[in-house]
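Below is one structure, written out as structure tokens; comments come after it.
Residue numbers (UniProt numbering), protein chains in the order written: chain A, 1 to 320; chain B, 1 to 320.
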């Protein structure tokens, strides 16, 4: 993959030629030439909106996002410079439309132009569907897809073999059966512990997911739970009572791994349609060794997921 | 409780007297007189920040929230009036700081002034803690608290007895053992089905929560699952494959109820530390009738919760 530097260099060269307009659309000064086609995604909670439209007759996708408040700028917001229009006043409560100084009014805009059909689809809100995967559905639909896709997990082996990201490892138990490597997830900057998010990847191969766990896995699971939490407490000072420890089903890759996230961090993957608390997993296997081979597991698929297509083709959704 | 109109009338009368400044602080024109003390809460994902400070020497709490994009205003954002400052350009991707026209720059501000200690505490981010409730902890700590508090659930009986909200009922099965009432949750406006959120409240009393469910509860649970989903499909046109059906543990009141939410709706109570899929509950009880009497259940408590205090006093958190 080309790095940003390479591409910028290439662009700089192009700018010295006459071809620039065709090859790489120019930087925009405003949205004058943008024609709105459709809002393809929006999230009122996160204050984002994604719009499909055209610039100079070519497809474009614009992602808009309001910015988070920067604590170091609050003095600008909470000053004489912010005009207040009262919208409600009731006893000690008042609500206002506040107009902060211009410098604080930036929103983030990402422009993809020209955009292909694939871009438009990627950024369009996808309908989601619930799948209740019985053991039979796992064997007949999910498992064959996992095997046929042979997802590349070379990057996992690179981490386990210390070929990549060795300097990021927070803790390791090298035991080939019960051992694991604990490192920060890419999504965490290792700064604010309230967003703490790490992942433990097991050394043992061949354990694809929750579905493969039995009583034989208990020493491995207990090892991850206790040594993982101890390492997090030691390195980051966060006690076990403030850490959620869970597995995903479906996971994003089929080599067993466990997530550690701060209870205060709103991790998108913490939904009950995906996260399974490790302590519950251990407990369930103790109740019945073959719990995860007998269990119907519920998860959500997006319309663009291969798994959705497989279930759809099988007629699974016809009955709902 | 006084309505807004009553209070505004009272305020109008006060404005004609000399006492107005002391009794009800005036509407603010800007934040000139606000002195920042501390950011007491922030949520970068939702773009909110809450600040404790002083106005004229009195405590005040200011809640700031960026506003969601209004689809009908996007023409203002995506026009010549929005100035773009390029921050990155790489091939077809460009990112910008965008400065929309002034009219679109309103943020929402709520001012509580004068604020009491209680207000400040209420709006301050509370630390959360994970509890792994074993059956023994349930019996010795949680259950006695539930009983001692005798939470009033008269409002639940009012709904079941059709004394309140009868016009909001979407479906009812009147059977005293297996029946339930299905109605929209207060949080849903019954308009956008992507935010669909209903609750089924069982007619049977004495079932406090998940902890009380056994094989005897299976007819009731299956009844809620199937008739609830059928009613939602019929009334709102949302198929069962787009609805999550779950119980909360801990619930917010101890009379058995089940939540129905659209898969696309980011319900805050859908976290794996609180939501238990009804289909899983049924499945687990089929695996072991006393599953929920044997199971360690995990949930999160906030520092201000009575349950947190009980567990803390018992020494539960000392070991983490």
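All residues carry an ideal CB built from backbone N, CA and C; glycine is no exception.
Measure how close the beta-carbons of residue 86(B) and residue 27(A) come, nearest whole angstrom, since I'm counting them as under 8 Å.
-> Numbered from its first residue, the second chain carries residue 86(B) at position 86. Numbered from its first residue, the first chain carries residue 27(A) at position 27. Between residue 86(B) and residue 27(A) a beta carbon distance of about 5 Å is seen, short of the 8 Å cut, so the two are scored as contacting.
Where does the unbroken beta strand (DSSP E) through residue 119(A) begin, and where does it stop?
-> Locating residue 119(A) in the first chain gives position 119, counting from the first residue. Note, residue 119(A): premise wrong, no beta strand (DSSP E); alpha helix (DSSP H) at 117–123.
C-beta atoms of residue 300(A) and residue 263(B) nearer than 7 Å | Indexing the first chain from 1 puts residue 300(A) at position 300. Indexing the second chain from 1 puts residue 263(B) at position 263. For residue 300(A) and residue 263(B), yes; Cβs fall inside 7 Å.
Is the distance from the Cβ of residue 257(B) to the Cβ of residue 199(B) below 7 Å?
-> Position 257 of the second chain, counting from 1, holds the residue named residue 257(B). Position 199 of the second chain, counting from 1, holds the residue named residue 199(B). Annotated as proximal: residue 257(B) and residue 199(B), with beta-carbon spacing under 7 Å.
Check whether the Cβ atoms of residue 246(A) and residue 277(A) sit closer than 7 Å, and answer yes or no.
-> For the purposes of this step, residue 246(A) is identified with residue 246 of the first chain, where counting begins at 1. For the purposes of this step, residue 277(A) is identified with residue 277 of the first chain, where counting begins at 1. Against a cut-off of 7 Å, the Cβ pair of residue 277(A) and residue 246(A) comes out as a contact.
Compute the Euclidean distance between the alpha carbons of residue 49(B) and residue 250(A), then round it to the nearest angstrom.
-> In the second chain, counting from the first residue as 1, residue 49(B) sits at position 49. In the first chain, counting from the first residue as 1, residue 250(A) sits at position 250. In a straight line, the C-alpha of residue 49(B) is about 34 Å away from that of residue 250(A).
Closer than 7 Å to chain A by CB, residue 147(B) | In the second chain, residue 147(B) corresponds to position 147, counting from 1. Answer no: the Cβ-Cβ gap between residue 147(B) and chain A never drops below 7 Å.
Cα-Cα separation between residue 185(A) and residue 274(A), rounded to whole angstroms | Locating residue 185(A) in the first chain gives position 185, counting from the first residue. Locating residue 274(A) in the first chain gives position 274, counting from the first residue. So the two alpha carbons sit approximately 17 Å from each other.
Which residues mark the beginning and the end of the alpha helix (DSSP H) in which residue 147(A) is found?
-> Here residue 147(A) refers to the residue found at position 147 of the first chain. Annotation for residue 147(A): the continuous alpha helix (DSSP H) segment containing it runs 143–149.
Residue 145(A) and residue 306(A) look like a contact to me (Cβ under 8 Å); what is the Cβ gap, rounded to whole Å?
-> Position 145 of the first chain, counted from the first residue, corresponds to residue 145(A). Position 306 of the first chain, counted from the first residue, corresponds to residue 306(A). At roughly 6 Å, the Cβ-Cβ gap stays under 8 Å, so residue 145(A) and residue 306(A) are in contact.
Beta carbon proximity, residue 138(B) to chain A, threshold 7 Å | Here residue 138(B) corresponds to residue number 138 of the second chain, with the count starting at 1. No, residue 138(B) lies away from the interface with chain A (no Cβ there is under 7 Å from its Cβ).
Does DSSP classify residue 78(A) as helix, strand or coil?
-> Here residue 78(A) refers to the residue found at position 78 when the first chain is read from its first residue. Of the three classes helix, strand and coil, the one that applies to residue 78(A) here is coil, per DSSP.
Whose C-beta lies closer than 6 Å to the C-beta of residue 153(A) among residues of the same chain, with five residues either side of it excluded?
-> Here the question's residue 153(A) lines up with position 153 in the first chain. For residue 153(A), where only same-chain residues beyond five positions count, the Cβ hits under 6 Å are 253 and 255.
How is the alpha helix (DSSP H) around residue 281(A) delimited, first residue to last?
-> In the first chain, counting from the first residue as 1, residue 281(A) sits at position 281. First-last of the alpha helix (DSSP H) with residue 281(A): 278–287.
Just reading off the beta strand (DSSP E) that residue 90(A) is part of, what are its end residues?
-> Against the first chain, residue 90(A) aligns to sequence position 90. Per DSSP, residue 90(A) belongs to the beta strand (DSSP E) from 83–90.
Can you name, in chain order, every residue of its own chain whose Cβ lies under 6 Å from the Cβ of residue 235(A), other than the five neighbours on each side?
-> Reading the first chain from its first residue, position 235 is the one you call residue 235(A). If we look at residue 235(A) and ignore the five residues flanking it on each side, its Cβ neighbours are 170.
Quick one, which of 223(B), 132(B), 318(B) and 124(B) has its alpha-carbon nearest residue 39(B)'s?
-> As a working note, residue 39(B) is residue 39 in the second chain. For residue 39(B), the closest alpha carbon among the candidates 223(B), 132(B), 318(B) and 124(B) is that of 124(B).
Residue 185(B) beta carbon near the ligand SAH (any heavy atom closer than 6 Å) = The ligand SAH is absent from the structure shown, which contains no ligand whatsoever.
Cut-off 6 Å between Cβ atoms - residues of its own chain near residue 88(A), not counting five sequence neighbours on either side = For the purposes of this step, residue 88(A) is identified with residue 88 of the first chain, where counting begins at 1. Here the set comprises 95.
Which residues does DSSP pair with residue 93(B) in a beta bridge?
-> Stepping through the second chain from its first residue, residue 93(B) is reached at position 93. Listed as beta-bridge partners of residue 93(B) by DSSP are 112(A) and 90(B).
If we ignore side chains and look at the alpha-carbon of each, how far apart do residue 313(A) and residue 207(A) end up?
-> Against the first chain, residue 313(A) aligns to sequence position 313. Against the first chain, residue 207(A) aligns to sequence position 207. Residue 313(A) and residue 207(A): Cα-Cα distance of roughly 28 Å.
Helix, strand or coil for residue 184(A), going by three-state DSSP, please let me know.
-> Looking up residue 184(A) in the first chain gives position 184. When secondary structure is reduced to three states using DSSP, residue 184(A) falls in the strand class.
List the residues of chain A that residue 57(B) touches, going by C-beta distances under 7 Å, in chain order.
-> Taking the first residue of the second chain as 1, we reach residue 57(B) at position 57. Result: empty, since nearest Cβ-Cβ is about 15 Å, beyond 7 Å.
Chain A contact residues for residue 114(B), given Cβ-Cβ distances below 8 Å = Position 114 of the second chain, counted from the first residue, corresponds to residue 114(B). Per Cβ cutoff of 8 Å: 92.
Within the stretch 172–223 of chain A, ranges of the beta strand (DSSP E) (whole runs, at least 3 residues) | Unbroken beta strand (DSSP E) runs of no fewer than 3 residues, entirely contained in the stretch 172–223 of chain A, are found at 180–184 and 197–202, following chain order.
Does the beta carbon of residue 89(A) sit closer than 7 Å to a beta carbon anywhere in chain B?
-> As a working note, residue 89(A) is residue 89 in the first chain. For residue 89(A), the answer is yes, since a Cβ of chain B falls inside 7 Å of its Cβ.
Does the distance from the C-beta atom of residue 261(B) to that of residue 44(A) stay below 7 Å?
-> What you label residue 261(B) is simply residue 261 of the second chain in a count that begins at 1. What you label residue 44(A) is simply residue 44 of the first chain in a count that begins at 1. The answer is no: Cβ separation not under 7 Å.
The alpha helix (DSSP H) spanning residue 105(B) covers which residue range?
-> As a working note, residue 105(B) is residue 105 in the second chain. Taken as a continuous stretch (DSSP letters only), residue 105(B) belongs to no alpha helix (DSSP H), as it is neither H nor E.
Starting from the beta carbon of residue 36(A), find every residue of chain B whose beta carbon is closer than 9 Å, and list them in chain order.
-> Working through the first chain from its first residue, we reach residue 36(A) at position 36. Those are 74, 75 and 78, listed as they occur along chain B.
Which residues bound the beta strand (DSSP E) around residue 126(B)?
-> Here residue 126(B) refers to the residue found at position 126 of the second chain. Premise fails: residue 126(B) is in no beta strand (DSSP E) and is neither H nor E.
Return no unless some Cβ of chain B is closer than 7 Å to the Cβ of residue 86(A).
-> In the first chain, the residue the question calls residue 86(A) occupies position 86. True, the Cβ-Cβ gap to chain B drops below 7 Å.
Just the C-alpha distance for residue 149(B) and residue 239(A), rounded to the nearest angstrom, thanks.
-> Against the second chain, residue 149(B) aligns to sequence position 149. Against the first chain, residue 239(A) aligns to sequence position 239. Taking the straight line joining both Cα atoms gives about 30 Å.
Expressed to the nearest angstrom, what Euclidean distance is found between the alpha-carbon atoms of residue 112(A) and residue 58(A)?
-> Walking along the first chain from the start, residue 112(A) turns up at place 112. Walking along the first chain from the start, residue 58(A) turns up at place 58. Straight-line Cα distance between these residues: approximately 11 Å.
What residue from 165(A), 25(A) and 79(A) has the CA that sits closest to residue 56(A)'s CA?
-> In the first chain, the residue the question calls residue 56(A) occupies position 56. Per the Cα distances, 25(A).
Test item: CB-CB of residue 97(A) and residue 106(B) under 7 Å = Here residue 97(A) refers to the residue found at position 97 when the first chain is read from its first residue. Here residue 106(B) refers to the residue found at position 106 when the second chain is read from its first residue. Remark: C-beta atoms of residue 97(A) and residue 106(B) approach each other more closely than 7 Å.
DSSP three-state call for residue 300(A): helix, strand or coil?
-> Here residue 300(A) refers to the residue found at position 300 when the first chain is read from its first residue. Here residue 300(A) sits in strand by DSSP.
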